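Trainee: Order-wise, the sequence lines are chains V and X.
First residue of the first sequence? That's 1 in my numbering, and the numbers climb one at a time after it.
First residue of the second sequence? That's 1001 in my numbering, and the numbers climb one at a time after it.
For every residue, glycine included, the Cβ atom is placed at its ideal position computed from N, Cα and C.
Since the structure is predicted, the reported quantities are computational estimates derived from the model, not experimental observations.
Starting off with a structure, shown below.
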Amino acid sequence: MLGKTAGGLFWMFRYLERAENTARMIDAGLRISLTRSSAAESEWTSILSSTGARAAYETAHGAPDGPKVIDFLLRDPNNPGSILAGIESARMNARVVRTALTREVWEAVNECYMVLKRLLAQPIEDRDLPRVLQVIRQRSAFVRGALHGTMVRNDIYNFARIGTFYERADNTARILDQKYYILLPSVKLVGSPSDNVQWDTILRATSTTRAYQTLHEGDVDPRAIARFLILDGRLPRSLAFCYGKIGDNLGYLEQEYGMRHSCQSLADALCAKFRSHDMNAIFDYGLHEFISDFLRDSAALGRQIEIDYRFIE
Amino acid sequence: MAADQKYFDEMFGHGATARTPYADYCNWFHHEDTARLLAKSEEAEALFRLIGVTFNVYGDPDATERLIPFDLVPRIIAAREWAKVAKGIEQRVRALNAFLHDIYHRQEIVRAGRLPAEMIARNDAFLPEMIGVSPPGDIYTHIVGTDLVRTGDNEFFVLEDNARTPSGVSYMLENRETMLHMFPELFSKIKVQSVSQYPRSLRKSLSACAPDACNGRPTLAVLTPGIHNSAYYEHAFLADQMSAELVEGHDLRVVDGRVAMRTTKGYKPIDVLYRRVDDEYLDPLNFNPDSVLGVPGIMDVYRAGGITIANAPGTGIADDKAIYSYMPDIVEFYTGEKAILKNVPTHRCSEPDALKYVLDNLAELVVKEVHGSGGYGMLVGPAASKKEIEAFRAKLEASPGNYIAQPTLALSTVPILTDAGLAPRHVDLRPFVLVSPDRIDITPGGLTRVALTEGSLVVNSSQGGGTKDTWVLEE
């Protein structure tokens, strides 16, 4: 496979994952602005920060304002990280790697783009927003479904998966990076309505509310939420789960290519951290520091993958 | 539908009853509901858009990806009509390859006085870098698109020989797929020769031209200028169908005397490169130094026998419109036979007598730029306004050597489906020919292009042309 193709697959699935995650975050922001309008502004600020769009937003629009933020995240041409721009980039990468994709995967991503381009041609009214967010999640799920159902399990599939999990872990980590303070054990306000809403937002932004409740029998506890999102290997959006998958896929590449690369050592080191640390150790080390370390190590891993598999010269 | 008496209609001839090849189709058509067919038309368009069978229009920011309109009335050719056309194409393509070999070696045809030396020496399409170079298998034009027009029951003319990088074959294949998808019942009634083997034949044909440097199964790649190129869809389609890599210049470099592509496992040598990049951009070290589309040093590898480039660099000399006028001589010189397919009579404006005739008869003639393509820079006299003709006259007088002129042919029509039912439109045909050392393979039919505007003779997709599925019937 061409190095360029591997890179195109990696990025195609990163962009798709990112667009889907942005939709989840808008959903969470919308929820909080409907239920607790006093907290809305800081919530939108935190969402803008998580998606890396805060500076661009403030340059264009100043203080965060719900409808403007939503439009910015969905479709504003000033935002290169908007959902629409992300889907466009995913589709452009799909065109570059078209020969590596099955017809089903290509059609799913092309249709995703055509549908969203039409849907997001105009600003979205509040009452249409839930439906639009649902279409985004659905269209993105179609691509994933086509990938699982039709693609041969070879290096092409592995690079697609690595892109997906890399981006997903990055997203979960960025949400935690914004919200770590409400998960600290020192914040002993358990049961206060303020924190319940905040915790709920974290779960909502990662679409894990129901999974959390099922596995924890409804007991909402910040330490358990942190553990869930970082260490729980059963949750497909946890850091531990995503890095387990990245490690697996790099391992399949090693088998197929008969070559071990240094990016694998970086991934292994991250996986080992999730295995060896329990939540107490992480809190002792400092939750914020742990997340910052993770974001730094993950960026280094991304660069090393790009070099090892020759995405670019 | 009543046929226009002025033009030969392939469905109805000059009358009102269907010609034999169309009999079964017309029978089917008359039992169909036009509204249902028009709905099918929209279905086809949605399908094309989903698959992404689009082309880019340069300089049009609002429509970066457009569909070529597809008309669902097929163009039908009888087996015996096709057999004769195919024989003529084969003869012509053989002559083209012999001509190219000769032009880059001893130039016997010039020595024999059958072609003026200045036609070669002062021709930009002639590549001095190819002098004395023999490509692997001695094949120059691996893929040819011989454009044909029809004017009567038995009258076919070659309009041009596309010997560089003819495009459109993906439309031929997708049009057939779409028809099979939409009208399966038609194909069970009417036996149509298959075209779907083309990608396999292309792979086989290119593989048969692998260079000596090749070890074992040849590695093929398609070189594209990138996703912004107007034919990118086709490049990706062909690479996919041939299981070849789709590469761009920046994926390639010369490693150990071979052209190699950057893979996830390191650099891998390419044996046969099907390039969809023009000569000029192929090698910044040998040609245009500003090109970022090509591979620095590829020409040196090529001359040393390290890679096959398809089509060979320098084949443009054979489809040059000024050389075109010599094709009957060229065919006769290299095959020893009269040309089976006719040339359109061509006036070379570089010759004073011809120029005078052309200037006196501009309103009747089609004038083309010698190096033009895509229907640009061309005058269709009978369709042009006085003002357009006068503007063109000035250009022609300024540089007559840049132009040739031909009579306006009474191009045949094939009906298209309109809201008001069938309506005749002018068509041409681009058959696709594969050349390898042991055989010439012609896909039955080809791409039919149709001028969708009533009365228009310009079929180019960049200027409002559409396409049709082309059926060659089984014997």
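Report the rounded CA-to-CA distance for X:E1234 versus V:T99, giving the unit in angstroms.
Mentor: Each residue's alpha carbon lies about 11 Å from the other.
Trainee: Which value, in whole angstroms, describes the spacing of the CA atoms of X:L1447 and V:D128?
Mentor: One C-alpha to the other measures close to 46 Å.
Trainee: Whether or not the region 1067–1079 of chain X and the region 1415–1422 of chain X are in contact is what I'm after, with contact meaning three or more pairs of Cβ atoms, one per stretch, closer than 8 Å; do they touch?
Mentor: Yes: at least three Cβ pairs fall under 8 Å.
Trainee: Taking X:D1251 as the query, report the chain V residues whose CB atoms sit under 7 Å from its CB, ordered along the chain.
Mentor: Ordered by position in chain V, the residues that pass the 7 Å Cβ test against X:D1251 are L2, K4.
Trainee: Helix, strand or coil: which one does DSSP assign to X:Y1007?
Mentor: If DSSP states are grouped into helix, strand and coil, X:Y1007 belongs with coil.
Trainee: Along chain X, in chain order, which residues have C-beta atoms closer than 8 Å to that of V:M259?
Mentor: Result: K1265.
Trainee: Can X:A1244 and X:L1220 be called in contact, C-beta distance under 8 Å?
Mentor: Yes, the Cβ-Cβ distance between X:A1244 and X:L1220 is below 8 Å.
Trainee: What's the gap between the Cα of X:F1392 and the Cα of X:K1087?
Mentor: Looking at the two C-alpha atoms, the distance is approximately 38 Å.
Trainee: In whole angstroms, what separates the C-alpha of X:I1089 from that of X:L1341?
Mentor: Their Cα atoms are separated by approximately 7 Å.
Trainee: Just the C-alpha distance for X:R1106 and X:L1100, rounded to the nearest angstrom, thanks.
Mentor: Computed Cα separation, rounded: 11 Å.
Trainee: Please work out which residues of its chain come closer than 7 Å, Cβ to Cβ, to X:A1002, disregarding the five sequence neighbours upstream and downstream, and give them in chain order.
Mentor: Legend: pLDDT at X:A1002 = 49, less than 50; position of this residue unreliable, value from coordinates given subsequently. Closer than 7 Å at the Cβ level, and outside the excluded window around X:A1002, lie A1016.
Trainee: May I ask you to report which of helix, strand or coil DSSP gives X:L1159?
Mentor: Of the three classes helix, strand and coil, the one that applies to X:L1159 here is strand, per DSSP.
Trainee: With the cut-off set at 8 Å, would you say X:A1312 and X:T1151 are in Cβ contact?
Mentor: For X:A1312 and X:T1151, no; Cβs fall outside 8 Å.
Trainee: List the endpoints of the continuous beta strand (DSSP E) containing X:F1048.
Mentor: Unbroken run through X:F1048 is the alpha helix (DSSP H), 1034–1051; no beta strand (DSSP E).
Trainee: I'd like to check one pair, V:F13 with V:G218: are the Cβ atoms closer than 8 Å?
Mentor: Not a contact, by the Cβ cut-off of 8 Å.
Trainee: Tell me which same chain residues have a C-beta within less than 6 Å of the C-beta of X:S1230, skipping the five on either side of it?
Mentor: Hits under 6 Å: F1055, N1056.
Trainee: Quick check on the burial criterion: 16 or more other C-beta atoms within 10 angstroms. Buried or exposed for X:K1468?
Mentor: X:K1468 should be labelled buried.
Trainee: Under 6 Å Cβ to Cβ from X:F1333, same chain only, skipping five residues before and after it: list those, please.
Mentor: I1109, R1114.
Trainee: Closer than 8 Å by C-beta to X:D1290: which residues in its own chain qualify, once you throw out the five before and the five after it? Chain order, please.
Mentor: If we look at X:D1290 and ignore the five residues flanking it on each side, its Cβ neighbours are P1284.
Trainee: How would you list, in chain order, the residues of chain V whose beta-carbon sits under 9 Å from the beta-carbon of X:G1294?
Mentor: Result: empty, since nearest Cβ-Cβ is about 16 Å, beyond 9 Å.
Trainee: Have a look at X:I1317, X:V1277, X:M1172, X:N1027 and flag the residue whose alpha-carbon is nearest the alpha-carbon of X:T1443.
Mentor: When only C-alpha atoms are compared, the closest one is X:M1172.
Trainee: For X:Q1406, which of helix, strand or coil comes out of DSSP?
Mentor: Reduced to three states, the DSSP call for X:Q1406 is strand.
Trainee: Going by the CB atoms, is the gap between V:N249 and V:R161 shorter than 8 Å?
Mentor: For V:R161 and V:N249, yes; Cβs fall inside 8 Å.
Trainee: Please report the distance separating the alpha-carbon of V:G8 from that of X:S1207.
Mentor: If I take the Cα positions, the gap works out to 28 Å.
Trainee: Is there at least one Cβ from chain V nearer than 8 Å to X:I1051's Cβ?
Mentor: Output row for X:I1051: interface = yes.
Trainee: Contact criterion: CB-CB distance below 8 Å. Does X:S1456 meet it with respect to chain V?
Mentor: Answer no: the Cβ-Cβ gap between X:S1456 and chain V never drops below 8 Å.
Trainee: Buried or exposed: X:I1131, going by 16 or more other Cβ atoms within 10 Å of its Cβ?
Mentor: Classification of X:I1131: exposed, given that the 10 Å Cβ count is below 16.
Trainee: What does the alpha-carbon distance come out to for the pair V:N78 and V:E20?
Mentor: Whole-angstrom Cα-Cα distance: 19 Å.
Trainee: Name, please, each residue of chain V whose Cβ falls closer than 7 Å to the Cβ of X:D1240.
Mentor: R98, T99, listed in chain order.
Trainee: Drop a sphere of 10 angstroms on the beta-carbon of V:E43, count the other beta-carbons inside from all chains shown, and report buried for 16 or more, exposed for fewer.
Mentor: So V:E43 ends up on the buried side.
Trainee: Keeping to the same chain, check which residues put their C-beta closer than 6 Å to that of V:T45; ignore five residues upstream and five downstream.
Mentor: Contacts found: P64.
Trainee: So V:Y309 contacts chain X; which residues on that side make the cut at Cβ distance below 8 Å?
Mentor: Ordered by position in chain X, the residues that pass the 8 Å Cβ test against V:Y309 are T1264.
Trainee: What residues of chain X sit near V:M92, judged by a beta carbon separation below 9 Å?
Mentor: Those are I1227, listed as they occur along chain X.
Trainee: Going by alpha carbons, who is nearest to V:S276 out of V:E306, V:I230, V:G302?
Mentor: Out of V:E306, V:I230, V:G302, V:I230 has the C-alpha closest to the C-alpha of V:S276.
Trainee: Within the 8 Å Cβ cut-off, does X:V1144 reach chain V?
Mentor: No, no contact with chain V.
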